[in-house]
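Chemist: These protein sequences, in sequence, are chains U and V.
Here this note's numbering is used: the first residue of the first sequence is 3, the next is one more, and so on.
Here this note's numbering is used: the first residue of the second sequence is 3, the next is one more, and so on.
2 protein chains.
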Amino acid sequence: MHRKELSTPALTIDLDILEDNLNRMAHYCKEHGLGLRPHTKTHKTPELARMQVDRGAVGLTVAKVGEAEVMADAGLDDILVAYPVWGVEKLRRLAKLARGRNILLSLDNEATACELSRAMAAQDATIGVLVEFDSGLGRCGLEPGIACVELATKVTKLEGLRFRGLMTYFGSIWGTEDERRAEAAHVAGRVGHAIRGFEDARIPIEIVSGGSTPAALLTESIPGITEIRPGTYVYNDLNTFYQGACNLGECAARIVTTVVSTAVAGRAIVDAGSKTFSSDLLGSGPKSGYGYIVEAPDAKLFNLSEEHGSVDISNSASRLNVGEVVTVIPNHVCATVNMHDDAFLVRNDQVVGQWRVAGRGKIR
Amino acid sequence: MHRKELSTPALTIDLDILEDNLNRMAHYCKEHGLGLRPHTKTHKTPELARMQVDRGAVGLTVAKVGEAEVMADAGLDDILVAYPVWGVEKLRRLAKLARGRNILLSLDNEATACELSRAMAAQDATIGVLVEFDSGLGRCGLEPGIACVELATKVTKLEGLRFRGLMTYFGSIWGTEDERRAEAAHVAGRVGHAIRGFEDARIPIEIVSGGSTPAALLTESIPGITEIRPGTYVYNDLNTFYQGACNLGECAARIVTTVVSTAVAGRAIVDAGSKTFSSDLLGSGPKSGYGYIVEAPDAKLFNLSEEHGSVDISNSASRLNVGEVVTVIPNHVCATVNMHDDAFLVRNDQVVGQWRVAGRGKIR
């Protein structure tokens, strides 16, 4: 079946592009002696996580305990929950996972460490801990320096916890390549500061985990990082493209959608809205709209209602008639994938398989 | 269990508020002789649809065939699919639904009518058809007037279709009450024009369906409307509040979320981001951020990452410490509910039940 024969709207993944993306990142990490611990939030799919591990990933990253459970249920191990989880019920599940598996958690405060320790001790489990520091984004994470060392020292004293190193998210590395390079230099200073704190205190750190997709291929300019956690690179999206961190041919995910109305002059309405794409606008270029219509790049997907995508065709050479099927590269693929129960796999536009997005909706 | 003891993040529905909202709209419609055909896109929950029908709703509205199936599976009937569905697979399912049930579909073009007729004829089914006209939003729908009459005339000649009337979406009625009243007058002109076309052609119209939540209580100023399709009114949200169409005490849905990090000065991070709230900003007041924190109204939820909500607490009297649980009224509740598999029901803050959001993710 051609992908345009799918019942729409549908999420499709081009396997050739995906495999190239996986290989490129695996190669970069191998070449630079970096561990690759991909963030699975983008795909939420154990089958794809397995492909990453088969290509040499040292482990996986998730944000939620429920996502870790999905990966563990599929037989995957060595999972970093890159999130300061709080709450008795979730920590109980996390401790259960940590029995007999290699699980890590990042945190940035003593209260969370104490709660985590209590949960682990109750089930006689052990979990690895990374202390999170802020490399410039200002979201989670301690200031590099003494605060990190103090927290790590406390962690080493708590039952069921094993201090294994540091974590930061390179979310501040964003924008054009020049902007990203400049910010990477700033981040490198903060990473160096964080590491020196531990050297001065003579506390060994096994892991220094960083990363994000726009920063991934700049990691060589940030000394001390031992592993990275890019997520988006598997599929890429317009956000990544507009930062110059991929080209359109490296975008593996598309929404297949049908034109359902052209009753209003200058407009075509497609059967995919914010409940299919998500309503994430493009960080780096709001002018580009809500997605790139491959078959009509001069038509602008300028508005999304919940189930309607409004396309401005007044300046487009394409005639988008009712019933015509188009494919759209989304702005933010992580948010888009999370709207779908299923992803359809294609090669040369032919549907060759289907994945369940098993981690979708695992918000706890 | 108190709602703050739920594992977070979680969607909670206050049943007392919900029931008041349902009763208020049912009363308005009864008082003004209007049919109420609520749009279930907001809640996607058959149990709540049943509450609406029990309070006198003449039927239900959905956007997708999959949503209609969920409602029909729960024994609900008289369902308007307010969407110009295109595609063989979906129309086959729709025809199956229409056998033995009262199903309606809205459409605005002949091609869709022909496809629909073919699908109905193949299964010896009959479906009601509403011709959609544009009352001012400029999304779907024909211009009021001759175009509508011509399409209706074609519909009456097609096998398996029964022309039943007109439909429009009052999406242009938006903003402050003054703005909404002014636009309602404009909409009334277009509705009148549409109806007169049929009077002139001596084609009887049984149904003239309009509505939206911000416009619902203004329907009396739009003559000719026989039924309305508000959705959001069941739960309300900040969008509705900032238009003056509800007060905060009439907002029934809240996200329960836990503070997980305060490592960065002036900020608290909660465990709910765009994968819990959706990233829909507030149409009428972007300054208000991504939600209203009931326990700390002076703290601003200024940014959402996928799983992190960033709260500016620099001007807040509240101390949001790690582990503290807060409840947040979302900006756009339809988009928020769609992120959740479950809704937890509360009365007086005590959890008294749970609904599955059975229609979530039914994008086809």
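Think of the CB as a built atom: it goes at the ideal place given N, C-alpha and C, for glycine as much as any other residue.
V/Arg204: which of V/Cys253, V/Val151 and V/Gly213 sits nearest, CA to CA?
Modeler: The count along the second sequence starts at 1 and reaches residue 204 of chain V at position 202. For V/Arg204, the nearest C-alpha among the options comes from V/Val151.
Chemist: I think U/Ile129 touches U/Gly167, with their Cβ atoms under 8 Å apart; what is that distance to the nearest whole Å?
Modeler: Here residue 129 of chain U refers to the residue found at position 127 when the first sequence is read from its first residue. Here residue 167 of chain U refers to the residue found at position 165 when the first sequence is read from its first residue. Not confirmed; about 13 Å, so no contact.
Chemist: U/Pro86 CB to nearest chain V CB: under 8 Å?
Modeler: Within the first sequence, the letter at position 84 stands for residue 86 of chain U. By this cut-off, U/Pro86 is an interface position.
Chemist: Assuming U/Asp300 and U/Ala274 form a contact by the criterion Cβ under 8 Å, report the distance between their Cβ atoms to the nearest whole angstrom.
Modeler: Residue mapping note: residue 300 of chain U aligns to position 298 of the first sequence, counting from 1. Residue mapping note: residue 274 of chain U aligns to position 272 of the first sequence, counting from 1. Going by Cβ atoms, the distance from U/Asp300 to U/Ala274 rounds to 19 Å, so no, they are not a contact pair.
Chemist: Would you kindly check if the distance between the Cβ of V/Ala74 and the Cβ of V/Leu99 is under 8 Å?
Modeler: Taking the second sequence and counting its residues from 1, one reaches residue 99 of chain V at position 97. Taking the second sequence and counting its residues from 1, one reaches residue 74 of chain V at position 72. Cβ distance < 8 Å, so V/Leu99 and V/Ala74 count as in contact.
Chemist: Using a Cβ cut-off of 7 Å, which residues of the region 125-151 of chain V contact any Cβ in chain U, in chain order?
Modeler: Going along the region 125-151 of chain V in chain order, one finds Asp136, Gly140, Arg141, Cys142, Gly143 and Leu144 with a Cβ nearer than 7 Å to chain U.
Chemist: Looking at the unbroken beta strand (DSSP E) that takes in U/Ile227, where does it start and where does it end?
Modeler: Along the first sequence, one-based indexing puts residue 227 of chain U at 225. Run containing U/Ile227: none; DSSP gives neither H nor E here.
Chemist: Confirm, please, whether the CB-CB distance from U/Gly138 to U/Ser174 is below 8 Å.
Modeler: For the purposes of this step, residue 174 of chain U is identified with residue 172 of the first sequence, where counting begins at 1. For the purposes of this step, residue 138 of chain U is identified with residue 136 of the first sequence, where counting begins at 1. Yes.
Chemist: Counting only C-beta atoms, is U/His389 closer than 8 Å to chain V at any point?
Modeler: Not covered by the structure: residue 389 of chain U. The range shown for chain U is 3 to 366.
Chemist: Does any C-beta atom of chain V lie closer than 8 Å to the C-beta of U/Thr260?
Modeler: Numbered from 1 along the first sequence, position 258 holds the residue referred to as residue 260 of chain U. So yes, U/Thr260 belongs to the interface.
Chemist: Give me, in chain order, the residues of the same chain whose beta-carbon lies closer than 8 Å to that of V/Val324; leave out the 5 immediate sequence neighbours on both sides.
Modeler: On the second sequence, residue 324 of chain V is found 322 positions in, with the first residue counted as 1. Counting only Cβ-Cβ distances below 8 Å, and skipping sequence neighbours, we find Val261, Val262, Ser263 and Thr264.
Chemist: Since U/Thr114 and U/Gly361 are thought to touch, with beta carbons under 8 Å apart, how far apart are those beta carbons, to the nearest angstrom?
Modeler: Position 112 of the first sequence, counted from the first residue, corresponds to residue 114 of chain U. Position 359 of the first sequence, counted from the first residue, corresponds to residue 361 of chain U. U/Thr114 to U/Gly361, Cβ: 23 Å. No contact.
Chemist: Counting only Cβ-Cβ distances shorter than 7 Å, please list the residues of the region 108-123 of chain U near chain V, keeping chain order.
Modeler: The residues in question are Asp110, Asn111, Ala113 and Thr114.
Chemist: So, with DSSP's three-state summary, where would you put V/Ile207?
Modeler: Here residue 207 of chain V refers to the residue found at position 205 of the second sequence. Coil.
Chemist: Between which two residues does the beta strand (DSSP E) harbouring U/Asn305 extend?
Modeler: If you number the first sequence from 1, residue 305 of chain U lands on position 303. Lys302 to Leu306 is the extent of the beta strand (DSSP E) around U/Asn305.
Chemist: Are the beta-carbon atoms of U/Ala247 and U/Pro225 separated by less than 8 Å?
Modeler: For the purposes of this step, residue 247 of chain U is identified with residue 245 of the first sequence, where counting begins at 1. For the purposes of this step, residue 225 of chain U is identified with residue 223 of the first sequence, where counting begins at 1. No, the Cβ-Cβ distance between U/Ala247 and U/Pro225 is not below 8 Å.
Chemist: Step through the CB atoms of chain U and report whether any lies within less than 8 Å of the CB of V/Val266.
Modeler: In the second sequence, the residue the question calls residue 266 of chain V occupies position 264. Closer than 8 Å to some Cβ of chain U, the Cβ of V/Val266 qualifies, so yes.
Chemist: Return no unless some Cβ of chain U is closer than 8 Å to the Cβ of V/Cys253.
Modeler: For the purposes of this step, residue 253 of chain V is taken as the residue at position 251 of the second sequence. Cβ-Cβ to chain U under 8 Å: no for V/Cys253.
Chemist: Go through its chain and collect everything with a Cβ distance to U/Arg366's Cβ below 7 Å, but skip five positions before and after it.
Modeler: The residue labelled residue 366 of chain U in the question sits at position 364 within the first sequence. Answer for U/Arg366: Lys66, Val67, Gly68 and Lys92, listed in chain order.
Chemist: Applying the 10 Å Cβ sphere with the 16-neighbour rule, what's the burial state of U/Thr329?
Modeler: Translated into the one-based positions of the first sequence, residue 329 of chain U becomes position 327. Buried, by the Cβ-count rule.
Chemist: Which first and last residues belong to the beta strand (DSSP E) in which U/Phe172 is found?
Modeler: Residue mapping note: residue 172 of chain U aligns to position 170 of the first sequence, counting from 1. Unbroken run through U/Phe172: none, as it is neither H nor E.
Chemist: Count the other CB atoms, across all protein chains shown, that sit within 10 Å of the CB of V/Pro332; report buried if there are 16 or more and exposed otherwise.
Modeler: Translated into the one-based positions of the second sequence, residue 332 of chain V becomes position 330. V/Pro332 comes out buried.
Chemist: Is it right to say U/Pro40 is buried, meaning 16 or more other beta carbons lie within 10 angstroms of its own, or is it exposed?
Modeler: On the first sequence, position 38 is the one that residue 40 of chain U refers to. U/Pro40 should be labelled buried.
Chemist: Since I believe U/Trp357 is in contact with U/Thr47 (beta carbons under 8 Å), could you give me their beta-carbon distance rounded to a whole number of angstroms?
Modeler: As a working note, residue 47 of chain U is residue 45 in the first sequence. As a working note, residue 357 of chain U is residue 355 in the first sequence. Indeed they touch by this definition, with Cβ atoms about 5 Å apart.
Chemist: With the cut-off set at 8 Å, would you say V/Asp80 and V/Asn111 are in Cβ contact?
Modeler: Translated into the one-based positions of the second sequence, residue 80 of chain V becomes position 78. Translated into the one-based positions of the second sequence, residue 111 of chain V becomes position 109. No. Outside cutoff.
Chemist: 8 Å is my cut-off, CB to CB: does V/Asp374 come that close to chain U?
Modeler: This structure cannot speak to residue 374 of chain V, because chain V is shown only from 3 to 366.
Chemist: DSSP three-state call for V/Leu8: helix, strand or coil?
Modeler: Looking up residue 8 of chain V in the second sequence gives position 6. The answer is coil: DSSP assigns V/Leu8 none of H, G, I, E or B.
Chemist: Using a C-beta to C-beta distance shorter than 7 Å, which residues of chain A count as neighbours of U/Asn340?
Modeler: Annotation note: the requested chain A is absent from the structure, which comprises protein chains U and V.
Chemist: Compile a chain-ordered list of the residues in the region 87-99 of chain V whose CB is closer than 7 Å to at least one CB of chain U.
Modeler: So the close ones are Trp88, Gly89, Glu91 and Lys92.
Chemist: Does the region 236-246 of chain U come into contact with the region 177-191 of chain U, if we say contact requires no fewer than three beta-carbon pairs (one atom in each stretch) closer than 8 Å?
Modeler: Yes: the two stretches touch, three or more of their Cβ pairs being nearer than 8 Å.
Chemist: How should U/Ala270 be labelled, buried or exposed, when 16 other C-beta atoms within 10 angstroms of its C-beta is the threshold for buried?
Modeler: Taking the first sequence and counting its residues from 1, one reaches residue 270 of chain U at position 268. Buried, since its Cβ has 16 or more Cβ neighbours within 10 Å.
Chemist: Considering only residues of the same chain and omitting the five flanking positions on each side of V/Glu71, which have a CB-CB separation below 8 Å?
Modeler: Here residue 71 of chain V refers to the residue found at position 69 when the second sequence is read from its first residue. Contacts found: Arg95, Leu99 and Lys364.
Chemist: Write down every uninterrupted run of the beta strand (DSSP E) in the region 87-148 of chain V whose length is 3 residues or greater and which is fully enclosed by it, in chain order.
Modeler: The region 87-148 of chain V contains these whole beta strand (DSSP E) runs: 105-109 and 129-134.
Chemist: Residues of chain U with CB under 7 Å from V/Asp343, in chain order?
Modeler: Counting from one through the second sequence, the residue named residue 343 of chain V turns up at place 341. Going along chain U in sequence order, the residues near V/Asp343 (Cβ under 7 Å) are Gly363.
Chemist: Using the Cβ count rule (16 or more neighbours within 10 Å means buried), how would you classify U/His45?
Modeler: Taking the first sequence and counting its residues from 1, the one referred to as residue 45 of chain U is at position 43. With 16 or more Cβ atoms within 10 Å of its Cβ, U/His45 is classed as buried.
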